[in-house]
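The structure appears below as structure tokens.
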């Protein structure tokens, strides 16, 4: 047991280092010499602000067990291991909200309640917080990072992404978009998606047609959708400025416009001059007239020639299909999103739909509903995780279980393994309820925001900024967390779209007490120490939990932690009902750090407590920042490619 083996010098070492934490030395530990200077570029700015930041991923995964056979068995209680439970409680320092499942007909989310109608935080939510902490503190592999591909968003940016986009969609002077992009039709067979090219007419698979010319074809307004009113036919302005003024005047725009797709026939001569566009069958050629959302000063619609059944079909890459679908679902700012759905999806515009695409290496690499494609980056998020994935079972998997088909080091294991730790609901014993509804903005910059989510070490100029398409080693910053707010205002930006706001009711007011329990079985001393550290690293650390963390909701401080360990010998060899004994928590914590010191000295050249990743974790749980330091940037600043400073740099300023 930890009590019998505990060494006072280790316990004192832990406490002394903890007291001197604010004075500890930190450094980046990373070098990047791959970039070259470019005097013509704009200087990089590291003054981005956000309600979140990151804890660096470990250099490599720490493997606790080589195989499942090495993990303590579930078949019997081991008297030399630790079985028991942990009681804990916390008082929320800011209002807290954990939602229940919303019915389809409900527009407001209610606070979660158990079967006894008690306000509580589900054990699964508590487990999620603690497991994430264990992953950091135990040097576990970041298994649950989604393997997403992302789409370029900042085509006009002054940083690297603009040049990278141009390499894919490059138009020389005098060239039109149809010289680099083709059109075809996507359809679904079984679970797979395929694309067949459109027929070529005059060497083109599609034509752009101005709305002015389309209006002159006298196609009824109830048959196709026009972006502008008939006043367009009276427009005779010269130059781009005149057009922009006309197009931006709301009086000239059709406020009821929606994307559309309609079958047509048409005649076009060898010079690509349209002689007829008809909804009937009196044209020479068949095709589809279509147009996506009306954005900015757009003036073109598109005619996609009919499908060429003699051409081979291209199978779409599964990962890119998933990325496209994810973008359709998560892009809250886009209106009329059903138009962009792939064929066969619920709400889509049909079973065979016109799409624009680009071929690379004999495969459909980029596709979309507009010829100005939003292209995929070369690398997915997982491609940018540089943590070495050692073979075996890491701490998080050994404690909380795993499936053999996971993404972490346990993917080499032959069997699944269930958790040795379980969490009861944390019940609110004195709920103080906020009766009025509140709105929470649940969306902000996503991992596609490379200036925020990717490490930018050694950057001096915007042209040097790493994206998911930069060659060489590109690294995700780490495990995301939300800063603790010192004086939260809970204000939602008035310019935020209603599409990304969630209405909630019965939020629990600050000052309410929650009590919970964690059960564990057959844990070694180091595993128990890590579990206790993950629950409450020390008395000064705090957590964020629930919805609305970017606004400052859900700040808690776990207190009154009691460790109770069963005496297995007494439990089964006597009728002693008093077989549970309280134990000294700090001893187990110190035992774990002492256990890890030899590993961190070898890999990092430092004791466990002084490793940079552990420093990031402590900073994230102790620093409480002012609102101006943790708010989302306005869009106009976000577009300037401002870079988010690393956690340790913000900490250096904080502790000055």
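Numbering (our numbering), first residue to last: 2 to 657. Every residue, glycine too, gets a C-beta built ideally from N, C-alpha and C.
**Item:** Interface flag, residue 261 vs chain B, CB-CB below 7 angstroms
**Value:** Absent here is chain B; the protein component of the structure consists of one chain.
**Prompt:** Would a C-beta distance cut-off of 7 angstroms place residue 589 and residue 533 closer than the cut-off?
**Reply:** By the CB criterion at 7 angstroms, residue 589 and residue 533 fall inside the cutoff.
**Residue environment, residue 298, which counts as buried when at least 16 other CB atoms sit within 10 Å** = exposed
**Prompt:** From 353, 250 and 421, pick the residue whose C-alpha is nearest to that of residue 198; which is it?
**Reply:** 353
**Prompt:** The beta strand (DSSP E) spanning residue 140 covers which residue range?
**Reply:** Counting along the chain, residue 140 falls outside any beta strand (DSSP E), and DSSP gives it neither H nor E.
**Request:** Return the residue from the list 60, 526 and 47 that minimises the CA-CA distance to residue 387.
**Result:** 60
**Request:** Look at the Cβ atom of residue 535, then the Cβ atom of residue 358, and state whether they are nearer than 7 angstroms.
**Result:** Contact flag unset, no.
**Item:** Proximity of residue 423 and residue 520 at Cβ, strictly below 7 angstroms
**Value:** yes
**Asked** Do residue 479 and residue 55 have their C-beta atoms within less than 7 angstroms of each other?
**Response** Between residue 479 and residue 55, the CB-CB gap stays under 7 angstroms.
**Prompt:** So what's residue 81 in DSSP terms, helix, strand or just coil?
**Reply:** coil
**Prompt:** Rounded to a whole number of angstroms, what is the C-alpha to C-alpha distance between residue 57 and residue 613?
**Reply:** Pairing residue 57 with residue 613, the inter-Cα distance amounts to about 8 angstroms.
**Asked** For residue 296, does the count of other Cβ atoms within 10 angstroms reach 16, so buried, or fall short, so exposed?
**Response** exposed
**Asked** From residue 526 to residue 538, what does the alpha carbon distance come to, in whole angstroms?
**Response** 16 angstroms
**Prompt:** Quick one, which of 234, 210 and 619 has its alpha-carbon nearest residue 268's?
**Reply:** 210
**Item:** Minimum length 3: unbroken beta strand (DSSP E) runs contained in the segment 421-484
**Value:** The qualifying runs are 422-424, 427-429, 439-442 and 480-483.
**Request:** With a floor of 4 residues, list each alpha helix (DSSP H) that falls wholly inside the segment 188-270, ordered by position along the chain.
**Result:** 212-216 and 240-248
**Item:** Exposure label - residue 426; buried when at least 16 CB within 10 Å
**Value:** buried
**Asked** Excluding five sequence neighbours on each side, which residues of the same chain lie with their C-beta closer than 6 angstroms to the C-beta of residue 279?
**Response** 266
**Prompt:** What are the residues that DSSP puts in a beta bridge with residue 381?
**Reply:** In the DSSP output, where bridge partners are listed per residue, residue 381 has none listed.
**Asked** By Cβ distance, which residues of its chain are closer than 7 angstroms to residue 553, with the 5 residues on each side in sequence left out?
**Response** 95, 486, 489 and 491
**Message:** With the cut-off set at 7 angstroms, would you say residue 131 and residue 547 are in Cβ contact?
**Reply:** no
**Request:** Within 10 angstroms of the Cβ of residue 657, are there 16 or more other Cβ atoms? Answer buried if so, exposed if not.
**Result:** Around the C-beta of residue 657, fewer than 16 other C-beta atoms lie within 10 Å, and the residue is accordingly described as exposed.
**Assigned secondary structure, residue 611 (DSSP; H/G/I helix, E/B strand, else coil)** = helix
**Message:** Checking 7 angstroms against the spacing of the C-beta atoms, do residue 397 and residue 191 come in under that value?
**Reply:** Contact flag unset, no.
**Item:** For residue 111 and residue 1, the rounded distance between their alpha carbons
**Value:** Residue 1 lies beyond the range of the chain shown here (2 to 657); nothing can be said about it.
**Prompt:** Considering residue 317, what are the terminal residues of the beta strand (DSSP E) in which it resides?
**Reply:** Neither: residue 317 is in no beta strand (DSSP E) and is coded neither H nor E.
**Asked** Which two residues bound the contiguous alpha helix (DSSP H) that contains residue 650?
**Response** Unbroken alpha helix (DSSP H) run through residue 650: 648-655.
**Message:** With H, G and I counted as helix, E and B as strand and the rest as coil, what does DSSP make of residue 324?
**Reply:** helix
**Message:** Since residue 327 and residue 117 should fall inside the 8 angstroms C-beta cutoff, what is the C-beta to C-beta distance between them, to a whole number of angstroms?
**Reply:** About 38 angstroms separates the CB atoms of residue 327 and residue 117; that is not less than 8 angstroms, and the two are not in contact.
**Asked** Excluding the five sequence neighbours on either side, which residues of its own chain have a C-beta within less than 7 angstroms of the C-beta of residue 281, listed in chain order?
**Response** 266
**Message:** Run through the DSSP bridge pairs and tell me what residue 508 is partnered with.
**Reply:** Its beta-bridge partners are 435.
**Prompt:** With DSSP run on the structure shown, which of helix, strand or coil describes residue 639?
**Reply:** helix
**Message:** Helix, strand or coil for residue 62? Go by DSSP, reduced to three states.
**Reply:** coil
**Request:** Taking 7 angstroms as the cut-off, decide whether the C-beta atoms of residue 47 and residue 646 are in contact.
**Result:** Yes, the Cβ-Cβ distance between residue 47 and residue 646 is below 7 angstroms.
**Request:** Could you name the residues of the same chain whose beta carbon sits closer than 7 angstroms to that of residue 586, not counting the 5 residues immediately before and after it, in chain order?
**Result:** 533, 562 and 564
**Message:** With three or more C-beta pairs closer than 8 angstroms as the rule, is the segment 407-420 touching the segment 63-72?
**Reply:** These segments touch.
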